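Here's the structure, in structure tokens; my notes come after.
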Amino acid sequence: MARAPGFGVDIGGSGIKGCTVDLRDGSLADGRVRLPTPMPATPEAVAELVAAITSTFGWHGPMGVTLPGVLKRGIACTAAHLDPAWKGLAADELFSEYCRAPVIVLNDADAAGLAEMRFGAGRDHDGVVLLLTFGTGIGSALFIDGKLVPNTELGHLQVDGVDAETRAAAAARDNEALPWPDWAARVSRYLQVLEGLIWPDLIIAGGGVSKKADKWLPLLECRTTVVAAALRNDAGIVGAAAAAAQGRVR
Ligand code: BGC
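Numbering (our numbering), first residue to last: 1050 to 1299.
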């Protein structure tokens, strides 16, 4: 089968990662490049790094870029963990200009979810599937019979009077030096609230901390089956590349 290359960049609160992707199986086609997210993470500073990563691969085709916020038709409506200057900005146009390539932007968790549904832990799962990414914040991607409901932002659900991600993101475990059982108890509480509202058939746990799934998934107490993301922390790159290849625009 001929190679089907795509290109994706995943922008997070701590790092910006990009790579060419083999869209036949969702594998990274080269070594991925990661640069630390600039501080402050202004649109121009971030776009410069995205362009630098893109030129490392000599890529000029359609590409996907994720952001940790709500994206509607290329416009960043929120930008958690990045500079407030992103709000209201045409992010697709900014990246296209810097990278000299057609760019599609999408929420980081939505990208990770698209990748897991196509190539990973969500493959062949219909019904209501929820992917959650545990990182600097909590991202969510909701699928109904394989179709994405974009921009769900379930990490910001109020749980016991606080924004859920402030207690249950992986960053909370790091910042408060929480032992695994303590953090898992917080995640369980979050999942119990969530599953009472949307009754998922499957939850996929992603984000960097999914690499250590054996330390905390067995400790979770909730009704729904929770499995670790198969593409680990590369799912955002893969999903962004896949979305761009499909010409997905909202
Ligand atoms: C943002 C989401 C994002 C998630 C993970 C949250 O704070 O609101 O848009 O998907 O963090 O980065």
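Cβ coordinates follow ideal geometry from the N, Cα and C atoms, glycine included.
Predicted, not measured: the structure shown is a model, and the values here were computed from it.
Boundaries of the alpha helix (DSSP H) in which glycine 1162 is found, first to last residue: Against the sequence shown, residue 1162 aligns to sequence position 113. Here the alpha helix (DSSP H) through glycine 1162 covers 1157-1168.
Measuring alpha carbon to alpha carbon, tell me which of Met1088, Val1287, Ile1253, Gln1295 ends up nearest aspartate 1079. Here the question's residue 1079 lines up with position 30 in the sequence shown. Measuring from the Cα of aspartate 1079, the nearest candidate turns out to be Val1287.
Quick one: residues in its chain with C-beta nearer than 7 Å to the C-beta of serine 1145, no 5 flanking neighbours on either side, listed in chain order? Translated into the one-based positions of the sequence shown, residue 1145 becomes position 96. Only Pro1151, Val1152 meet the Cβ criterion.
Nearest-angstrom Cα separation, counted from proline 1089 out to valine 1276: To locate residue 1276, count along the sequence shown from 1; it is residue 227. To locate residue 1089, count along the sequence shown from 1; it is residue 40. Answer to the nearest angstrom: the Cα atoms are 35 Å apart.
Helix, strand or coil for serine 1189? Go by DSSP, reduced to three states. Taking the first residue of the sequence shown as position 1, residue 1189 is located at position 140. Note: serine 1189 maps to strand in three-state DSSP.
Rounded to a whole number of angstroms, what is the C-alpha to C-alpha distance between glycine 1062 and proline 1249? Within the sequence shown, residue 1062 is the residue found at index 13, counting from 1. Within the sequence shown, residue 1249 is the residue found at index 200, counting from 1. Approximately 28 Å, taken between the alpha carbons.
Out of Asp1157, Thr1127, Val1058, state which residue places its alpha-carbon closest to the alpha-carbon of glutamate 1097. What you label residue 1097 is simply residue 48 of the sequence shown in a count that begins at 1. Ranking the options by Cα distance to glutamate 1097, first place goes to Val1058.
Report the residue from Leu1243, His1205, Leu1155 whose alpha carbon sits nearest the alpha carbon of alanine 1293. Position 244 of the sequence shown, counting from 1, holds the residue named residue 1293. Of the candidates Leu1243, His1205, Leu1155, the one whose C-alpha sits nearest the C-alpha of alanine 1293 is Leu1155.
Near valine 1178, what residues of its chain come up, given a Cβ to Cβ distance below 6 Å and the 5 sequence neighbours on each side ignored? Position 129 of the sequence shown, counted from the first residue, corresponds to residue 1178. So the qualifying residues of the chain are Gly1171, Phe1192, Leu1251.
According to DSSP, is serine 1237 part of a helix, a strand, or is it coil? One-based indexing of the sequence shown puts residue 1237 at position 188. If DSSP states are grouped into helix, strand and coil, serine 1237 belongs with the helices.
Completely contained beta strand (DSSP E) runs for the region 1211-1269, where each covers 3 or more residues: 1251-1255
Where proline 1054 sits in the DSSP three-state scheme: Residue 1054 sits at position 5 when you count from the first residue of the sequence shown. Looking at proline 1054 - three-state DSSP - the assignment turns out to be strand.
Threonine 1091 versus aspartate 1157 - alpha carbon distance: Translated into the one-based positions of the sequence shown, residue 1091 becomes position 42. Translated into the one-based positions of the sequence shown, residue 1157 becomes position 108. Approximately 17 Å, taken between the alpha carbons.
State buried or exposed for alanine 1291, treating a residue as buried only when at least 16 other CB atoms are found within 10 Å of its CB. The residue labelled residue 1291 in the question sits at position 242 within the sequence shown. It counts as buried.
Could you pull out every unbroken alpha helix (DSSP H) segment of at least 4 residues lying fully inside the region 1064-1113, listed in chain order? As far as the region 1064-1113 is concerned, its whole alpha helix (DSSP H) runs of at least 4 residues are 1092-1105.
Can you determine whether any heavy atom of the ligand BGC sits closer than 6 Å to the C-beta of proline 1117, and answer yes or no? On the sequence shown, position 68 is the one that residue 1117 refers to. Yes, since a heavy atom of the ligand BGC falls inside the 6 Å radius drawn around the Cβ of proline 1117.
Beta-carbon proximity of glycine 1118 to alanine 1128, cut-off 7 Å: Here residue 1118 refers to the residue found at position 69 when the sequence shown is read from its first residue. Here residue 1128 refers to the residue found at position 79 when the sequence shown is read from its first residue. With contacts defined as CB atoms closer than 7 Å, glycine 1118 and alanine 1128 qualify as a contacting pair.
What do you get for valine 1211, buried or exposed, if any count of 16 or more other CB atoms within 10 angstroms of its CB means buried? Walking along the sequence shown from the start, residue 1211 turns up at place 162. Valine 1211 comes out exposed.
Cutoff 8 Å; reference methionine 1050; Cβ partners in own chain excluding five residues on either side: The residue you call residue 1050 lines up with position 1 of the sequence shown. Note on methionine 1050: pLDDT 46, under 50, position unreliable in the model; the coordinate value appears next. The residues are Arg1073.
For valine 1298, count the other beta carbons within 10 Å of its own beta carbon; 16 or more makes it buried, fewer makes it exposed. Which is it? Here residue 1298 is taken as the residue at index 249 of the sequence shown, counted from 1. The pLDDT assigned to valine 1298 is 48, lower than 50, so where the model puts this residue is not dependable; a value taken from the coordinates is nonetheless given after this. So valine 1298 ends up on the exposed side.
Based on Cα-Cα distance, which residue from Pro1054, Pro1087, Ile1060, Lys1066 lies nearest to serine 1076? Translated into positions along the sequence shown, residue 1076 becomes position 27. Among Pro1054, Pro1087, Ile1060, Lys1066, the Cα nearest to that of serine 1076 belongs to Pro1054.
Nearest CA to the CA of alanine 1160: which residue from Gly1285, Arg1272, Leu1280? On the sequence shown, position 111 is the one that residue 1160 refers to. It is Gly1285.
Would you call threonine 1115 buried or exposed, if buried means 16 or more other Cβ atoms sit within 10 Å of its Cβ? The residue labelled residue 1115 in the question sits at position 66 within the sequence shown. Result: buried.
Boundaries of the beta strand (DSSP E) in which leucine 1143 is found, first to last residue: The count along the sequence shown starts at 1 and reaches residue 1143 at position 94. Segment 1140-1148 is the alpha helix (DSSP H) holding leucine 1143; no beta strand (DSSP E) there.
Nearest-angstrom beta carbon gap, leucine 1181 and proline 1188 [assumed within contact, 8 Å]: By one-based count along the sequence shown, residue 1188 stands at place 139. By one-based count along the sequence shown, residue 1181 stands at place 132. According to the sequence shown, residue 1188 is glycine rather than proline. Right, the Cβ-Cβ distance comes to about 7 Å (below 8 Å), so this counts as a contact.
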